[in-house]
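S.K.: The structure follows.
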Amino acid sequence: MASFTKIGMLLMATSKRPPANYFSSFSRGKPSLVSEACLSTAAAAGGMKPEPPLNQYSTISSSDHNLTRRSGNYGPTLWDFEYLQSIHNDYVVKKYMKRFNELKKEMKNIMIMVEGSQEELEKLELIDNLQRLGVSYHFKEEIMQILRSIYLNASAGDSLYATALKFRLLRQHGFHISQGIYCLDRLDVWWKSTCLAKKLPFSRDRIVEAFVWTVGTIFEPQYSYCRRMLTKINAVAVVIDDIYDVYGSLDELELFTDAVERLLKAIDYLPGYMKVCYLVLFNTVADIAYNVLKEQGINVIPYLKKSWADYCKASFQEAKWHFNGYNPTLKEYMDIAWISIGAPMYLVHAFIFVTNPITKEALESLSKYPDIIRHCSIIIRLADDLGTSSDEMNRGDVPKSIQCYMNENDASEEEAREHINHLIKEMWKLINTGLHENSLFSETLIGCAVNVTRTAQCIYQHGDGHGIQNSEIKSRISELLFEPTKISIP
Numbered sequence: 002m003a004s005f006t007k008i009g010m011l012l013m014a015t016s017k018r019p020p021a022n023y024f025s026s027f028s029r030g031k032p033s034l035v036s037e038a039c040l041s042t043a044a045a046a047g048g049m050k051p052e053p054p055l056n057q058y059s060t061i062s063s064s065d066h067n068l069t070r071r072s073g074n075y076g077p078t079l080w081d082f083e084y085l086q087s088i089h090n091d092y093v094v095k096k097y098m099k100r101f102n103e104l105k106k107e108m109k110n111i112m113i114m115v116e117g118s119q120e121e122l123e124k125l126e127l128i129d130n131l132q133r134l135g136v137s138y139h140f141k142e143e144i145m146q147i148l149r150s151i152y153l154n155a156s157a158g159d160s161l162y163a164t165a166l167k168f169r170l171l172r173q174h175g176f177h178i179s180q181g182i183y184c185l186d187r188l189d190v191w192w193k194s195t196c197l198a199k200k201l202p203f204s205r206d207r208i209v210e211a212f213v214w215t216v217g218t219i220f221e222p223q224y225s226y227c228r229r230m231l232t233k234i235n236a237v238a239v240v241i242d243d244i245y246d247v248y249g250s251l252d253e254l255e256l257f258t259d260a261v262e263r264l265l266k267a268i269d270y271l272p273g274y275m276k277v278c279y280l281v282l283f284n285t286v287a288d289i290a291y292n293v294l295k296e297q298g299i300n301v302i303p304y305l306k307k308s309w310a311d312y313c314k315a316s317f318q319e320a321k322w323h324f325n326g327y328n329p330t331l332k333e334y335m336d337i338a339w340i341s342i343g344a345p346m347y348l349v350h351a352f353i354f355v356t357n358p359i360t361k362e363a364l365e366s367l368s369k370y371p372d373i374i375r376h377c378s379i380i381i382r383l384a385d386d387l388g389t390s391s392d393e394m395n396r397g398d399v400p401k402s403i404q405c406y407m408n409e410n411d412a413s414e415e416e417a418r419e420h421i422n423h424l425i426k427e428m429w430k431l432i433n434t435g436l437h438e439n440s441l442f443s444e445t446l447i448g449c450a451v452n453v454t455r456t457a458q459c460i461y462q463h464g465d466g467h468g469i470q471n472s473e474i475k476s477r478i479s480e481l482l483f484e485p486t487k488i489s490i491p
């Protein structure tokens with residue numbers, strides 16, 4: 002197996018290392034908390050109310066000095082513009098690509114040879130090594146052929162290790178059993194051109210971190226457009242989150258929420274700083290919709306608009322809780338917070354980027370947020386709360402899931418965190434139980450949902466890895482994106 006691993010490492014160097022899978026579980030169970038209301042469809046959050054007349058609003062001046070603004074105390078970005086522009090990939094020149102193709106061909110020959118072997122464990126370890134190295138997408142057909150053979154010719158008497166490995170790999174691939182290519186420099190140019198970091202200095206300048214989320218979501222080279230556009234969506238969503246959580250007054254936030262539902266009809270009533278953010282959002286969504294209409298002939302604007310409206314309305318509800326000094330119950334909080342985390346909106350866009358053809362039936366189903374999206378969103382919200390709630394409470398945010406549980410049960414913070422971790426484990430059980438059930442959605446989209454959930458648990462493992470940039474998250478990002486894998490080609 003050492004030779005297989007060496008070839009895999011060389012292949013990996015010509016691609017880019019993906020983030021590791023941080024969670025894998027295939028047990029059954031139901032969550033002890035999240036209520037039926039929490040797991041019900043988001044119709045209430047997504048339903049469109051009749052549009053009130055525009056003249057009921059009066060323009061709000063963004064220069065009102067009597068407003069007391071909060072501050073998130075976010076530091077500047079760690080990643081210098083010139084540094085990002087200087088990054089280049091040494092492994093796309095002709096000699097490396099030639100060697101890459103040679104190694105790929107050699108590995109395919111090895112897989113053909115291994116497929117004919119009687120050593121089942123050898124086959125499983127080869128596939129596992131390719132997946133861990135992040136190069137398995139080059140050999141999808143060969144891997145499925147080997148696994149299909151193993152599945153149809155199940156053998157008894159395996160060791161515990163072999164049984165566990167076979168169970169995991171077969172389930173990951175849908176069998177029922179009980180780098181330069183990432184275009185970060187282009188994204189940084191786009192981010193600078195929006196002027197959001199300059200015009201809205203209270204918000205987080207986090208284009209690199211936004212990109213890390215998308216690499217964790219879908220790392221394969223053929224999805225570079227998906228990564229690029231999801232990074233834009235993520236970066237804009239972070240700014241909007243800061244408007245709702247930190248800076249906007251309640252009146253301003255009501256106007257912004259309404260404007261997102263109306264598209265451009267209410268922009269004149271927004272304060273200046275909101276207009277900048279709103280137009281970046283509008284232009285980004287319009288660009289996405291234009292490309293889909295051009296390539297597939299379907300209008301996705303209503304569905305993208307609904308996903309953003311749901312996100313903004315959920316964020317506005319949390320803002321109202323804050324301004325009114327209201328402490329929600331855990332159920333009330335979770336019914337809103339799994340949407341306000343932004344994951345449903347993010348995954349609606351991911352569906353647009355990885356699906357061809359896009360059908361109206363699938364779009365309608367997606368707009369109701371099926372189980373895979375709801376369950377993953379709940380985990381992302383709870384992981385976020387575990388990592389960020391202490392800092393957010395210090396700046397006066399609405400209570401998070403930890404505080405809601407403490408208030409309801411007169412519990413300590415340690416007990417509350419233990420309960421939230423239990424809920425995350427139970428939610429993973431639900432995800433793994435339904436992972437490969439019949440669905441309108443592709444395995445690629447389902448993989449995006451699961452991977453962004455794993456990424457969230459990585460980002461928030463040591464605190465607020467997105468808002469407050471500590472040495473641990475900087476080290477992880479540097480290793481993933483900036484530190485090259487050095488190899489020599491004779």
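Quick note: the working numbering has the sequence shown finishing at residue 491, numbered continuously throughout.
Ideal Cβ positions, reconstructed from N, Cα and C, are used throughout, including at glycine.
(1) What are the boundary residues of the alpha helix (DSSP H) that includes G448?
(2) Alpha carbon to alpha carbon, what distance is there between L79 and R477?
(3) Just verifying my parser: in three-state terms, what is the DSSP assignment at R477?
(4) Can you tell me which of the three DSSP states I88 falls into?
(5) Report yes or no: do three or more beta-carbon pairs, one from the stretch 242-260 and one from the stretch 308-320, lie closer than 8 Å?
(6) Look at the alpha carbon of G464 and the alpha carbon of A267, and state the distance between them as a whole number of angstroms.
(7) Let me confirm a value: Q458 is counted as buried when at least 16 other C-beta atoms fall within 10 Å, else exposed. Which label applies?
(8) How about the stretch 333-342 and the stretch 436-453: do they share at least three Cβ pairs that are nearer than 8 Å?
(9) Looking at Y195: is its Cβ nearer than 7 Å to the Cβ of V453?
(10) Just to confirm before moving on: does the CB-CB distance between L1 and V240 stay below 7 Å?
(11) On the criterion of 16 or more Cβ atoms from any shown chain inside 10 Å, does R70 qualify as buried, or is it exposed?
(12) Exposed or buried, which one is H423 when buried takes at least 16 other CB atoms within 10 Å?
(13) Only counting the same chain, and skipping five residues up and downstream in sequence, which positions put a Cβ closer than 6 Å to that of Y138?
(14) Which residues in the same chain have their Cβ closer than 6 Å to the Cβ of S308, if we skip the five residues on either side of it in sequence?
(15) Is it right to say I113 is buried, meaning 16 or more other beta carbons lie within 10 angstroms of its own, or is it exposed?
(16) Might you give, ordered along the chain, the residues of its own chain that have their beta carbon closer than 6 Å to the beta carbon of K1, omitting 5 neighbours on each side?
(17) Rounded to whole angstroms, how far is the Cβ of Q318 from the Cβ of N357, which I believe are closer than 8 Å?
(18) Identify, in the order they occur along the chain, each residue of the same chain with its Cβ nearer than 6 Å to the Cβ of H376, setting aside the five sequence neighbours on each side.
(19) Quick check: the stretch 245-259 against the stretch 320-330, are there 3 or more CB pairs under 8 Å?
(20) Please report how far the alpha carbon of A384 lies from the alpha carbon of V281, in whole angstroms.
(21) Please identify the residue among E415, I425, R455 and I460 whose C-alpha is closest to the C-alpha of G388.
(22) Please classify Y226: is it buried, with 16 or more other beta-carbons within 10 angstroms of its beta-carbon, or exposed?
(23) Going residue by residue through the stretch 108-167, where are the continuous alpha helix (DSSP H) segments of at least 4 residues, counting only ones entirely within it?
M.R.: On the basis of the coordinates in this document:
(1) For the purposes of this step, residue 448 is taken as residue 447 along the sequence shown, with counting starting at 1. For G448, the enclosing alpha helix (DSSP H) stretches over residues E444 to I460.
(2) As a position in the sequence shown, residue 477 is number 476, starting the count at 1. As a position in the sequence shown, residue 79 is number 78, starting the count at 1. If you take the alpha carbons of R477 and L79, they lie about 13 Å apart.
(3) The sequence position of residue 477 within the sequence shown is 476, counting from 1. The answer is helix: DSSP assigns R477 an H, G or I state.
(4) Working through the sequence shown from its first residue, we reach residue 88 at position 87. Secondary structure of I88 (DSSP, three-state): coil.
(5) Flag = yes, the stretch 242-260 and the stretch 308-320 touch.
(6) Taking the first residue of the sequence shown as 1, we reach residue 464 at position 463. Taking the first residue of the sequence shown as 1, we reach residue 267 at position 266. Those two C-alpha atoms are separated by around 38 Å.
(7) Indexing the sequence shown from 1 puts residue 458 at position 457. It counts as buried.
(8) Using a Cβ-Cβ distance cut-off of 8 Å, the stretch 333-342 and the stretch 436-453 are not in contact, since fewer than three pairs of beta carbons, one from each stretch, lie closer than that value.
(9) Locating residue 195 in the sequence shown gives position 194, counting from the first residue. Locating residue 453 in the sequence shown gives position 452, counting from the first residue. Inspection of the sequence shows that residue 195 is occupied by Thr rather than by Tyr. Cβ atoms of T195 and V453: not closer than 7 Å.
(10) As displayed, the chain neither begins before 2 nor continues past 491, which places residue 1 out of reach and without an answer.
(11) As a working mapping, residue 70 is identified with position 69 in the sequence shown. Residue environment for R70: exposed (fewer than 16 other C-beta atoms within 10 angstroms of its C-beta).
(12) Numbered from 1 along the sequence shown, position 422 holds the residue referred to as residue 423. Exposed, since its Cβ has fewer than 16 Cβ neighbours within 10 Å.
(13) The residue labelled residue 138 in the question sits at position 137 within the sequence shown. Contacts found: E221.
(14) Your numbering for residue 308 matches position 307 in the sequence shown. So the list reads M346 and V349, once near-sequence residues are dropped.
(15) The sequence position of residue 113 within the sequence shown is 112, counting from 1. By the 10 Å Cβ count, I113 comes out exposed.
(16) Past the boundaries of the shown model lies residue 1; the chain is included only from 2 to 491, so the question cannot be answered.
(17) Here residue 318 is taken as the residue at index 317 of the sequence shown, counted from 1. Here residue 357 is taken as the residue at index 356 of the sequence shown, counted from 1. The pair is not a contact, with the Cβ atoms about 35 Å apart (cut-off 8 Å).
(18) For the purposes of this step, residue 376 is taken as the residue at position 375 of the sequence shown. Counting only Cβ-Cβ distances below 6 Å, and skipping sequence neighbours, we find M428, L431 and I432.
(19) Because the criterion of three Cβ pairs below 8 Å is met, the stretch 245-259 and the stretch 320-330 touch.
(20) By one-based count along the sequence shown, residue 384 stands at place 383. By one-based count along the sequence shown, residue 281 stands at place 280. One C-alpha to the other measures close to 28 Å.
(21) Counting from 1 along the sequence shown, the entry for residue 388 is found at position 387. For G388, the closest of E415, I425, R455 and I460 by C-alpha to C-alpha distance is I460.
(22) The residue labelled residue 226 in the question sits at position 225 within the sequence shown. Label assigned to Y226: exposed.
(23) Listed in chain order, the complete alpha helix (DSSP H) runs (minimum 4 residues) inside the stretch 108-167 are 121-134 and 141-153.
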